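Colleague: After the structure tokens below, expect a handful of questions from me.
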Amino acid sequence: MDELRLKESFARVAAHGDEVALFFYSHLFLSHPELREMFPVSMADQRDRLLKALGQIVADVSNHEALVPYLGGLGRDHRKFGTLAEHYPAVGASLLATLAHFSGLGWTEDLARDWTEAYTVIAQVMTEAAAEDESRNPPWWGATVAGHERRTMDITVIKVVPDVPFSYVPGQSVAVESEARPRLWRFYSMANAPRLDATIDFHVRAIDGGPVSSALARSITVGSRLRLGAPVGTLRLNMASRRDVLLAGGSTGLAPLKAMIEQAADLAEPPRTHLVFGARTAAGLYDLADLEKMAAQWSWLTVTPAVSAEPDYQGETGTVADVISRQAPVGDHDTYVCGSSAMVTATVSRLQSLGVPHDHIYVEDYGWSES
Amino acid sequence: MTQVSSEPLTPELVRSAAFPPARLGRRGLDEAQVHAFCGWVSDEVARMLNDNIMLQEEVLRLRGRLLDRSAKPGARPEDSHVQAVYVLSKAQQTADRCVADAQEYSREIAQDARMRHEEILREAKVRASVILEEAHASASQAAGAVRDTGESLSAAERQELRAEIAYLRTFSDVCRTHLRAYMESLTRSIEQWERAEHESASAARASVRHSAHQVPAQPIGH
Chain A
58 MDELRLKESF ARVAAHGDEV ALFFYSHLFL SHPELREMFP VSMADQRDRL
108 LKALGQIVAD VSNHEALVPY LGGLGRDHRK FGTLAEHYPA VGASLLATLA
158 HFSGLGWTED LARDWTEAYT VIAQVMTEAA AEDESRNPPW WGATVAGHER
208 RTMDITVIKV VPDVPFSYVP GQSVAVESEA RPRLWRFYSM ANAPRLDATI
258 DFHVRAIDGG PVSSALARSI TVGSRLRLGA PVGTLRLNMA SRRDVLLAGG
308 STGLAPLKAM IEQAADLAEP PRTHLVFGAR TAAGLYDLAD LEKMAAQWSW
358 LTVTPAVSAE PDYQGETGTV ADVISRQAPV GDHDTYVCGS SAMVTATVSR
408 LQSLGVPHDH IYVEDYGWSE S
Chain B
585 MTQVSSEPLT PELVRSAAFP PARLGRRGLD EAQVHAFCGW VSDEVARMLN
635 DNIMLQEEVL RLRGRLLDRS AKPGARPEDS HVQAVYVLSK AQQTADRCVA
685 DAQEYSREIA QDARMRHEEI LREAKVRASV ILEEAHASAS QAAGAVRDTG
735 ESLSAAERQE LRAEIAYLRT FSDVCRTHLR AYMESLTRSI EQWERAEHES
785 ASAARASVRH SAHQVPAQPI GH
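The listed protein sequences derive, respectively, from chains A and B.
Following our numbering, the numbering of the first sequence begins with 58 at its first residue and continues without gaps.
Following our numbering, the numbering of the second sequence begins with 585 at its first residue and continues without gaps.
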């Protein structure tokens, strides 16, 4: 396989942008109409993801150390969509047809061979990772909503009972799909450490116009069915560290941090932990009652609520970053930050300016922006 | 002698071509006759070359059609498959736009609802603090009145103060009820647009299924 030729050929095809993914999926669904049901009605995000994944694969085609784990993750990840080994040849055929179509006269037998070879390897790594995962985990976990508590206009705390208990590390998240919005998966952090009764809390913030978050926060009820993917995410408590801990949570970014506090409570010697929990309005401090209960119970835990858009709030006002600056020095702390993109960016840069080394800052960016 | 004629050129005619001797006083063959013969041969060869090109094109065309037929049954399946891909792509783009429009609409309504929600809360807060201030003022006035009159507050005045306190309590209850009604109507309108959003999403889904079925499924071939 000529890797340079492959990269050049992909660059030429990828120049057609969204058209390429559009052609690919239409070709796939015409050749295999039964696969259409595996995808959501709107394919715009899906096309974006396909092009990004292909770009990533082609960019790393010579870098096997990066490519193999990426493809393995992709293969495992696709199990929850219902992808089976027999779907891979269909995808390969449509991919080749798409590449040929957009290459026009530049499509040669050599290129066809290169791509066939490359796709064979891709499919092999993905299916092998999926098969290996199959011996340990189901493709997804079914779960029933057992509690649906609307805390503010936008924020709801959901309690779910998985059909089969599944293990995760506090700080991790799972992709969630609701029967109200089939084929749309969004990531949510577990908001508690694993419990004996296996129930899991999710803190859901309805994003304006967001189909899944709105449905989870407002439409579903106790008894609704959800599907959960495998736990993922790198945010987790550094148990080896002896340093004090600072947790910075913006709105529902609190969820993984709360799970980590519960995890710390089980340690023989919990680290001294300070949680700064921020929201725009006092009403947005949707979980403060519970947090204050925890702080009253555990002497090693301090909770500081912060409100940024209500100047007359009886407490700390300003952003989470502002409040951290005003509090005790944090230079020798392990710091964990989770919230909206803007909150994470602002807080991390403040922590750095306060002297927290880069490798003592752990981050989870929820991607949404607070309006 | 028949060197130049309208009949088609044949190898035999060229080989058996005979030319009369040149006129008296000149050597060799009759020049004019030879020239005329060469002209005829040249014209004929040109015509044959033309015929040949046309025939070759015809052969290519027929061979192409033959290959198409033997490779895949049906007329030009590649072309029709590409056509079908384009039709389906158009349908998909329409569906994408419908969903995006619905989401944008729901985003606008949600934003609007949040703004109104916050506005109502702000107003209610202001009103509540005014009421509280008024209550404080009346209370301190009443207390002042009590101090001024000492123990000698008459039963009638006491009655009046009690009535005022009762009035203020009722007023505060009414305010709270109003506020609750505000919030409930807000929640109801949120639920309404949620339902509307849900319905439009189902409609979009149905329209996608519909268009997908309209695409001719026959000439797939792969």
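All residues carry an ideal CB built from backbone N, CA and C; glycine is no exception.
Remember, it's a predicted structure, so these values are computed and weren't measured experimentally.
Cutting at 6 Å between CB atoms, please list the residues of its own chain near glutamate 174 of chain A, excluding the five before and the five after it.
Modeller: The count along the first sequence starts at 1 and reaches residue 174 of chain A at position 117. Excluding positions up to five away in sequence, the list reads Met58.
Colleague: Are the Cβ atoms of phenylalanine 86 of chain A and leucine 92 of chain A separated by less than 8 Å?
Modeller: The residue given as residue 86 of chain A occupies position 29 in the first sequence. The residue given as residue 92 of chain A occupies position 35 in the first sequence. In contact: phenylalanine 86 of chain A and leucine 92 of chain A (Cβ atoms closer than 8 Å).
Colleague: Let me know the secondary structure DSSP gives tyrosine 245 of chain A once reduced to three states.
Modeller: Numbered from its first residue, the first sequence carries residue 245 of chain A at position 188. Correct three-state label for tyrosine 245 of chain A: strand.
Colleague: Check whether the segment 160-179 of chain A touches the segment 259-267 of chain A, counting contact only when three or more Cβ pairs, one atom from each stretch, lie closer than 8 Å.
Modeller: They do not touch, by the three-pair rule.
Colleague: Would you give the residue range spanned by the beta strand (DSSP E) that serine 443 of chain A belongs to?
Modeller: A question about residue 443 of chain A goes unanswered here, because the residues of chain A that appear run from 58 up to 428.
Colleague: Can we say the segment 329-339 of chain A touches the segment 232-247 of chain A, given the rule of at least three CB pairs closer than 8 Å?
Modeller: Contact between the segment 329-339 of chain A and the segment 232-247 of chain A is absent, because fewer than three Cβ pairs lie under 8 Å.
Colleague: Quick check on the burial criterion: 16 or more other C-beta atoms within 10 angstroms. Buried or exposed for alanine 200 of chain A?
Modeller: Taking the first residue of the first sequence as 1, we reach residue 200 of chain A at position 143. Under this definition alanine 200 of chain A is a buried residue.
Colleague: DSSP beta-bridge partners for tyrosine 393 of chain A?
Modeller: Stepping through the first sequence from its first residue, residue 393 of chain A is reached at position 336. Answer is A:Leu304 and A:Tyr419.
Colleague: Report the residue from A:Val125, A:Leu314 and A:Pro268 whose alpha carbon sits nearest the alpha carbon of glutamate 688 of chain B.
Modeller: Counting from one through the second sequence, the residue named residue 688 of chain B turns up at place 104. When each option's Cα is compared against that of glutamate 688 of chain B, the closest is A:Pro268.
Colleague: Among all the DSSP beta bridges, which residues are the ones paired with histidine 84 of chain A?
Modeller: Numbered from its first residue, the first sequence carries residue 84 of chain A at position 27. In the DSSP output, where bridge partners are listed per residue, histidine 84 of chain A has none listed.
Colleague: Step through the CB atoms of chain A and report whether any lies within less than 8 Å of the CB of valine 598 of chain B.
Modeller: Counted from its first residue, the second sequence places residue 598 of chain B at position 14. Cβ-Cβ to chain A under 8 Å: no for valine 598 of chain B.
Colleague: For the beta strand (DSSP E) containing threonine 213 of chain A, name the first residue and the last one.
Modeller: Along the first sequence, read from residue 1 onward, the residue named residue 213 of chain A stands at position 156. Here the beta strand (DSSP E) through threonine 213 of chain A covers 212-219.
Colleague: Measure the beta-carbon distance from glutamate 615 of chain B to alanine 602 of chain B and round it to whole angstroms, keeping in mind my assumption that it falls under 8 Å.
Modeller: Locating residue 615 of chain B in the second sequence gives position 31, where the first residue counts as 1. Locating residue 602 of chain B in the second sequence gives position 18, where the first residue counts as 1. Actually they are not in contact, since the Cβ atoms of glutamate 615 of chain B and alanine 602 of chain B sit about 15 Å apart, beyond 8 Å.
Colleague: Does the segment 295-315 of chain A touch the segment 393-405 of chain A, meaning 3 or more C-beta pairs lie closer than 8 Å?
Modeller: Yes, the segment 393-405 of chain A is in contact with the segment 295-315 of chain A.
Colleague: Just the chain A side, please: which residues come within less than 7 Å of aspartate 680 of chain B by C-beta, in chain order?
Modeller: In the second sequence, residue 680 of chain B corresponds to position 96, counting from 1. Those within 7 Å of aspartate 680 of chain B in chain A are Ser99, Met100 and Ala101.
Colleague: Taking the alpha carbon of valine 231 of chain A as the point to measure from, which residue in A:Leu292, A:Ser276, A:Thr278 and A:Met210 has its own alpha carbon closest?
Modeller: Residue mapping note: residue 231 of chain A aligns to position 174 of the first sequence, counting from 1. Answer by Cα proximity: A:Leu292.
Colleague: Going along the segment 398-427 of chain A in order, which residues come within less than 7 Å of chain C, judged by CB to CB distance?
Modeller: The structure shown contains no chain C; the protein chains it does contain are A and B.
Colleague: Three-state secondary structure (DSSP) at valine 233 of chain A?
Modeller: Along the first sequence, one-based indexing puts residue 233 of chain A at 176. The answer is strand: DSSP assigns valine 233 of chain A an E or B state.
Colleague: Just to confirm, are glycine 228 of chain A and glycine 310 of chain A a CB contact at a threshold of 8 Å?
Modeller: For the purposes of this step, residue 228 of chain A is identified with residue 171 of the first sequence, where counting begins at 1. For the purposes of this step, residue 310 of chain A is identified with residue 253 of the first sequence, where counting begins at 1. Cβ atoms of glycine 228 of chain A and glycine 310 of chain A: not closer than 8 Å.
Colleague: Applying a beta-carbon distance threshold of less than 9 Å, which residues of chain A neighbour serine 784 of chain B?
Modeller: Position 200 of the second sequence, counting from 1, holds the residue named residue 784 of chain B. Simply none; closest approach about 11 Å.
Colleague: Here's a check: name, in chain order, each residue in its chain whose Cβ is nearer than 7 Å to the Cβ of tyrosine 343 of chain A, leaving out the five neighbours to either side.
Modeller: The sequence position of residue 343 of chain A within the first sequence is 286, counting from 1. Counting only Cβ-Cβ distances below 7 Å, and skipping sequence neighbours, we find Arg208, Thr209 and Ile212.
Colleague: Taking 8 Å as the CB-CB limit, is glycine 268 of chain A close to chain B?
Modeller: For the purposes of this step, residue 268 of chain A is identified with residue 211 of the first sequence, where counting begins at 1. Here residue 268 of chain A turns out to be proline, not glycine, going by the sequence shown. Taking Cβ atoms only, chain B reaches closer than 8 Å to proline 268 of chain A, which makes this a yes.
Colleague: Which residues of chain B have a Cβ atom closer than 7 Å to the Cβ of aspartate 265 of chain A, listed in chain order?
Modeller: Counted from its first residue, the first sequence places residue 265 of chain A at position 208. Within 7 Å Cβ-Cβ: Arg691, Ala694 and Gln695.
Colleague: Using a Cβ-Cβ cut-off of 7 Å (strictly less than) and excluding sequence neighbours within five positions of valine 598 of chain B, which residues of its own chain qualify?
Modeller: As a first step, residue 598 of chain B is located in the second sequence; it is residue number 14 there, counting from the start. Around valine 598 of chain B: Val625.
Colleague: Taking only beta-carbon positions, decide if arginine 698 of chain B is within less than 8 Å of chain A.
Modeller: As a working note, residue 698 of chain B is residue 114 in the second sequence. With 8 Å as the cut-off, arginine 698 of chain B counts as an interface residue toward chain A.
Colleague: When you compare only the Cα positions, how much space is there between serine 428 of chain A and glutamate 692 of chain B?
Modeller: Here residue 428 of chain A refers to the residue found at position 371 when the first sequence is read from its first residue. Here residue 692 of chain B refers to the residue found at position 108 when the second sequence is read from its first residue. Interpretation of serine 428 of chain A is limited by its pLDDT of 36, a score under 50 that renders its predicted location unreliable; the figure taken from the coordinates is listed afterwards. One C-alpha to the other measures close to 12 Å.
Colleague: My output table needs one value for valine 758 of chain B: the three-state DSSP class, helix, strand or coil.
Modeller: Mapped onto the second sequence, residue 758 of chain B falls at position 174. DSSP places valine 758 of chain B in helix when its eight states are reduced to three.
Colleague: For a test of the three-state rule: what should DSSP assign to proline 90 of chain A, helix, strand or coil?
Modeller: For this step, residue 90 of chain A is matched to residue 33 along the first sequence. Reduced to three states, the DSSP call for proline 90 of chain A is helix.
Colleague: What residues are listed by DSSP as bridge partners for phenylalanine 334 of chain A?
Modeller: Within the first sequence, the letter at position 277 stands for residue 334 of chain A. Per DSSP, A:Gly306 and A:Pro362.
Colleague: Using DSSP bridges, identify the partner residues of histidine 260 of chain A.
Modeller: Residue 260 of chain A sits at position 203 when you count from the first residue of the first sequence. Paired residues: A:Val214.
Colleague: Please specify which runs of the alpha helix (DSSP H), each continuous and at least 4 residues long, are wholly inside the segment 595-643 of chain B, giving them in chain order.
Modeller: Runs found: 595-599.
Colleague: Out of A:Ser270, A:Glu367, A:Lys109 and A:Ala352, which has the shortest C-alpha to C-alpha gap to glutamate 319 of chain A?
Modeller: Walking along the first sequence from the start, residue 319 of chain A turns up at place 262. The option with the nearest alpha carbon to glutamate 319 of chain A is A:Ala352.
Colleague: If we count the other Cβ atoms within 10 Å of its Cβ and call it buried at 16 or more, is glycine 412 of chain A buried or exposed?
Modeller: Against the first sequence, residue 412 of chain A aligns to sequence position 355. The residue is exposed, with fewer than 16 neighbouring Cβ atoms inside 10 Å.
Colleague: Would the segment 122-139 of chain A count as touching the segment 185-199 of chain A if we require 3 or more Cβ pairs under 8 Å?
Modeller: Enough Cβ pairs lie closer than 8 Å, so yes.
Colleague: Pairing CB atoms from the segment 372-386 of chain A with CB atoms from the segment 399-419 of chain A, are three or more of them under 8 Å?
Modeller: Because the criterion of three Cβ pairs below 8 Å is met, the segment 372-386 of chain A and the segment 399-419 of chain A touch.
Colleague: Could you confirm whether any beta carbon from chain B is found closer than 8 Å to the beta carbon of serine 160 of chain A?
Modeller: Counted from its first residue, the first sequence places residue 160 of chain A at position 103. No, serine 160 of chain A does not count as interfacial toward chain B.
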